[in-house]
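So the structure is just underneath, and the comments pick up after that.
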Amino acid sequence: MNNEIYLDGNATTCILPAAALAAADIMGQRYGNPSSSHGTGLRAKVVLDQARQCAVRLLGVGDGRLMFNSGATEGIQTAVLSALVAVRERQARGEATGSLLVYGATEHKAVPEALAHWNRLLGTNLKLTALAVDGDGLHDLIALRALAPDAAMICTMAANNETGVVSDLDGIAATIAASGTSALWMVDCVQALGKLQLNLAATRIDYAPFSGHKLHAPKGVGMLYVRAGAPFTPLIMGGGQETGQRSGTENMAGIAALGVVLAALERGDTFPSHDQLHDYRARLADALRAALPGVVFNNAFDKSLPTTINFAVPGVSSRELMDVFDAARVRVSAGSACSASKAAPSYVLDAMGLPLWRSAGAIRMSFGAMVDEATIATACQRIAHCGAALRAAGMIADQPSAEPDDGLLQLGVEGECGWLVLDAASRSCIVIDPLPTLTARITAIVRGHNYRVLAIVATTAGADHAPLARSLGAHYDTQAMTDAFGWPAITAHRLTLGDGAEVNAVAIGSQVLAQVSAGEGARAYLLGSKDGASMMAADVRFAFTAHADLALPVITTAQTLLCPTRDARNQLCAGHGGDQAAADLQLDSSALQAFLHAHPGAVVVDVREPYEFAATVPAPAGAHAAQSVPLSRLVEHASVWLRGDIHAPLVFVCRSGNRSMKAAQCLRRLGHTSSYSLTGGLALAA
Numbered sequence: 001m002n003n004e005i006y007l008d009g010n011a012t013t014c015i016l017p018a019a020a021l022a023a024a025d026i027m028g029q030r031y032g033n034p035s036s037s038h039g040t041g042l043r044a045k046v047v048l049d050q051a052r053q054c055a056v057r058l059l060g061v062g063d064g065r066l067m068f069n070s071g072a073t074e075g076i077q078t079a080v081l082s083a084l085v086a087v088r089e090r091q092a093r094g095e096a097t098g099s100l101l102v103y104g105a106t107e108h109k110a111v112p113e114a115l116a117h118w119n120r121l122l123g124t125n126l127k128l129t130a131l132a133v134d135g136d137g138l139h140d141l142i143a144l145r146a147l148a149p150d151a152a153m154i155c156t157m158a159a160n161n162e163t164g165v166v167s168d169l170d171g172i173a174a175t176i177a178a179s180g181t182s183a184l185w186m187v188d189c190v191q192a193l194g195k196l197q198l199n200l201a202a203t204r205i206d207y208a209p210f211s212g213h214k215l216h217a218p219k220g221v222g223m224l225y226v227r228a229g230a231p232f233t234p235l236i237m238g239g240g241q242e243t244g245q246r247s248g249t250e251n252m253a254g255i256a257a258l259g260v261v262l263a264a265l266e267r268g269d270t271f272p273s274h275d276q277l278h279d280y281r282a283r284l285a286d287a288l289r290a291a292l293p294g295v296v297f298n299n300a301f302d303k304s305l306p307t308t309i310n311f312a313v314p315g316v317s318s319r320e321l322m323d324v325f326d327a328a329r330v331r332v333s334a335g336s337a338c339s340a341s342k343a344a345p346s347y348v349l350d351a352m353g354l355p356l357w358r359s360a361g362a363i364r365m366s367f368g369a370m371v372d373e374a375t376i377a378t379a380c381q382r383i384a385h386c387g388a389a390l391r392a393a394g395m396i397a398d399q400p401s402a403e404p405d406d407g408l409l410q411l412g413v414e415g416e417c418g419w420l421v422l423d424a425a426s427r428s429c430i431v432i433d434p435l436p437t438l439t440a441r442i443t444a445i446v447r448g449h450n451y452r453v454l455a456i457v458a459t460t461a462g463a464d465h466a467p468l469a470r471s472l473g474a475h476y477d478t479q480a481m482t483d484a485f486g487w488p489a490i491t492a493h494r495l496t497l498g499d500g501a502e503v504n505a506v507a508i509g510s511q512v513l514a515q516v517s518a519g520e521g522a523r524a525y526l527l528g529s530k531d532g533a534s535m536m537a538a539d540v541r542f543a544f545t546a547h548a549d550l551a552l553p554v555i556t557t558a559q560t561l562l563c564p565t566r567d568a569r570n571q572l573c574a575g576h577g578g579d580q581a582a583a584d585l586q587l588d589s590s591a592l593q594a595f596l597h598a599h600p601g602a603v604v605v606d607v608r609e610p611y612e613f614a615a616t617v618p619a620p621a622g623a624h625a626a627q628s629v630p631l632s633r634l635v636e637h638a639s640v641w642l643r644g645d646i647h648a649p650l651v652f653v654c655r656s657g658n659r660s661m662k663a664a665q666c667l668r669r670l671g672h673t674s675s676y677s678l679t680g681g682l683a684l685a686a
């Protein structure tokens with residue numbers, strides 16, 4: 001793992017070596033309970049007290065409370081509980097409390113979720129209201145001025161976790177003060193620790209949660225600041241630890257480690273300077289501009305932390321960018337780590353009013369305070385490497401590739417899929433059932449490889465292909481006459497099929513695409529080779545249809561693969577093979593080596609996309625023997641692998657094991673019984 005470039009510091013950070021040593025010392029030598037009065041306990045208590053004193057000085061706690069806890073989420077829960085218990089007590093006394101719970105529209109989800117949770121449980125019946133932000137992500141102070149008089153609690157961030165945008169805390173404080181409100185104010189300081197100067201007691205802030213793992217301390221340790229005089233209700237009651245503020249035996253290993261990090265911040269001799277961090281970000285941004293033409297930055301650098309870049313690339317999805325960076329062992333994220341697994345646009349960027357392609361395609365690149373010159377230099381080299389891989393694959397629009405794709409390409413999303421028939425020699429292609437959501441992707445492929453689009457056809461009548469046709473521009477003749485399915489009125493061939501029927505066909509390279517009726521309002525397309533003016537059943541490799549169970553007797557054979565436009569179960573294609581059991585599909589990395597030794601004829605197939613394969617650093621073990629067959633091209637190759645009675649074993653690999661499992665399951669269903677998937681993928685095998 002020593003060649004990994006970790007640029008996801010806003011999600012978590014590695015542990016400072018000195019902090020890890022301090023944690024190990026606690027677990028091995030000073031393992032006493034700090035509440036115990038004997039010598040072993042007192043040695044632990046010294047560590048606890050020193051860490052707290054350092055935090056008090058560094059954060060300017062003054063007369064306020066500072067307690068250790070498990071992290072920011074617990075701190076947020078405690079702050080919200082404390083505020084709403086005070087609201088409920090005032091309600092019980094008949095006092096005015098305000099009716100709103102105001103939170104920034106770009107807050108971490110932990111905040112509105114906590115507000116809703118405790119508002120419901122405590123029965124305070126307040127209204128949750130999101131405070132708008134402007135295009136730079138800064139809170140709308142005019143809107144706050146209108147909301148503050150009726151607010152019971154106001155929640156904002158010091159710095160945003162997705163964009164790094166630094167809030168105008170002085171402006172917010174002045175607006176709250178001018179409104180005369182008695183609302184309690186919580187500021188999420190998770191991303192601020194070690195990056196912004198904090199003097200909490202000198203502010204209007206009532207509650208400030210912190211989390212250690214964002215700044216090179218372990219996970220599971222954090223802090224909560226409570227202003228002197230602010231209402232406080234313990235979230236956890238029990239043995240009275242933390243002077244009764246947070247019961248439960250303290251996480252001494254975590255506290256010791258956090259104490260070392262805080263001491264390093266206080267000394268100022270461990271982490272890069274602010275100017276160095278700005279320089280590092282500028283170099284990364286320059287590398288992105290050079291590698292990814294058209295890149296757009298979603299955060300204004302002069303208004304955000306120097307450790308965060310948020311960007312998007314036209315025509316390239318966040319998933320594709322994530323995959324190519326991950327292949328190059330550059331770890332980035334598609335937004336908050338708590339929600340990155342969900343395929344949804346960034347609510348933070350949506351709140352800023354950015355267009356959908358930017359919020360849905362956003363990548364966050366962030367680094368921790370331990371970043372160094374060598375890491376940044378290597379990161380810039382790998383960014384260039386990723387850009388080259390994307391350009392070579394035709395992924396970046398208007399960047400023609402010298403290596404066009406050839407064969408059949410499947411493009412799917414959410415259970416639906418379309419197909420591209422590609423011919424490299426003639427630089428031509430045919431589009432079948434294109435999905436509107438993939439217009440930009442198809443356009444990038446066509447332009448990136450400089451294809452001429454011969455036809456855009458559908459398996460059902462009346463599909464609207466006009467937006468794609470316009471997007472393709474000069475690559476498609478929008479003036480050509482077509483029927484209701486998009487089939488060109490002038491075709492190059494008349495073919496006789498295996499049942500004797502004569503049909504229209506379009507030539508594409510050495511193959512032909514023929515149209516046949518598939519029932520009322522439906523059509524199927526057959527792709528294969530021809531013998532003179534005939535295309536016999538044995539010549540048909542693929543049949544495209546809207547119905548996966550459509551029977552095409554006489555004109556196809558058992559080796560013809562059925563390519564549907566509906567693929568809700570991620571089966572990729574259908575055929576006539578047996579539905580083989582999948583119980584023995586998986587091989588872990590150790591079993592893989594034994595399997596390859598026992599089956600020297602086995603083929604290792606990497607089903608990642610070409611740009612991932614090309615960007616991989618280092619090259620996969622045994623890459624010279626691995627065959628690159630992207631999952632989107634699997635159907636094309638499956639028709640070759642299935643020929644004959646003897647099938648060489650196939651072992652599919654990908655980044656995490658998900659795509660390779662789909663590939664192995666597909667081949668098993670088609671009748672290839674010796675198909676396997678590498679469990680956990682290359683990520684665990686590395």
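So in UniProt numbering, the last spot in the sequence shown is 686, and the numbers never skip. Think of the CB as a built atom: it goes at the ideal place given N, C-alpha and C, for glycine as much as any other residue.
So the candidates are 371, 317 and 327; which of them puts its Cα closest to the Cα of residue 360? 317
Three-state class that DSSP yields for residue 586 in the structure shown: strand
Quick one: is residue 675 buried, meaning 16 or more other Cβ sit within 10 Å of its Cβ, or exposed? buried
Residues of its chain near residue 581, where Cβ-Cβ distance is below 6 Å and the 5 sequence neighbours each way are ignored: Caution is warranted here: a pLDDT of 49 is assigned to residue 581, below 50, making its placement in the model unreliable, and the coordinate value is therefore given only provisionally. Within the same chain, residue 581 has no close Cβ partners at all.
Over what stretch of residues does the alpha helix (DSSP H) that includes residue 118 continue unbroken? 110-122
Identity of the residues DSSP links to residue 185 by a beta bridge: 154
Any chain B beta carbon closer than 8 Å to residue 595: The question asks about chain B, but that chain is absent: this structure has only one protein chain.
With respect to the beta strand (DSSP E) encompassing residue 675, which residues constitute its N-terminal and C-terminal limits? 675-678
Indicate the three-state DSSP secondary structure (helix, strand or coil) for residue 325 in the structure shown. helix
Inter-stretch contact (C-beta, 8 Å, three-pair minimum) for the region 109-123 and the region 279-287: no
At 3 residues or longer, what runs of the beta strand (DSSP E) sit wholly inside the region 496-552? 502-508, 511-517, 523-528 and 540-545
Please confirm whether residue 689 and residue 333 have their CB atoms less than 8 Å apart. As displayed, the chain neither begins before 1 nor continues past 686, which places residue 689 out of reach and without an answer.
According to the neighbour-count rule (16 or more other Cβ atoms, all chains shown, within 10 Å of its Cβ), is residue 30 buried or exposed? buried
Mind checking whether residue 230 and residue 207 have CB atoms under 8 Å apart? yes
Nearest-angstrom Cα distance between residue 409 and residue 362? 25 Å
Please state the DSSP three-state secondary structure of residue 688. Since the first residue shown for the chain is 1 and the last is 686, residue 688 is missing from the structure and cannot be characterised.
Using only CA atoms, which one of 390, 590 and 324 lies nearest to residue 444? 390
Note down, in chain order, each residue of its chain lying with its Cβ closer than 8 Å to the Cβ of residue 440, except the 5 sequence neighbours on either side. 314, 315, 357, 397 and 471
CA nearest to the CA of residue 651, picked from 632, 90, 633 and 627: 627
With the cut-off set at 8 Å, would you say residue 430 and residue 508 are in Cβ contact? yes
Can you give me the start and stop residues for the alpha helix (DSSP H) that residue 175 sits inside? 169-179
Which of helix, strand or coil does DSSP assign to residue 78? helix
To which residues of the same chain is residue 296 closer than 8 Å at the C-beta, ignoring the five residues directly before and after it? 311, 312, 313, 314 and 358
In the DSSP output, which residue or residues are listed as bridge partners for residue 72? None; residue 72 has no bridge partner.
According to DSSP, is residue 7 part of a helix, a strand, or is it coil? coil
Whether residue 495 touches residue 533 by CB criterion (8 Å): yes
For residue 114, count neighbouring Cβ atoms within 10 angstroms of its own Cβ and tell me buried if that reaches 16, exposed if not. buried
Say whether the region 56-68 touches the region 155-164, bearing in mind that this needs 3 or more beta-carbon pairs closer than 8 Å, one atom from each stretch. no
Can you look up residue 279 in the DSSP assignment and give me helix, strand or coil? helix
Looking at C-beta atoms only, is the number of pairs between the region 237-251 and the region 101-110 that lie closer than 8 Å three or more? no
At which residue ranges does the region 369-400 contain complete beta strand (DSSP E) runs of 3 or more residues, listed in the order of the chain? none
Buried versus exposed call for residue 553 [16 or more other C-beta atoms within 10 Å across all chains shown]: exposed
Within 10 Å of its beta-carbon, does residue 14 have 16 or more other beta-carbons around it, so buried, or fewer, so exposed? exposed
Residue(s) in a DSSP beta bridge with residue 493: 505
CA nearest to the CA of residue 673, picked from 680, 679, 681 and 663: 663
Determine, using beta carbons only, whether residue 523 and residue 515 come nearer to each other than 8 Å. yes
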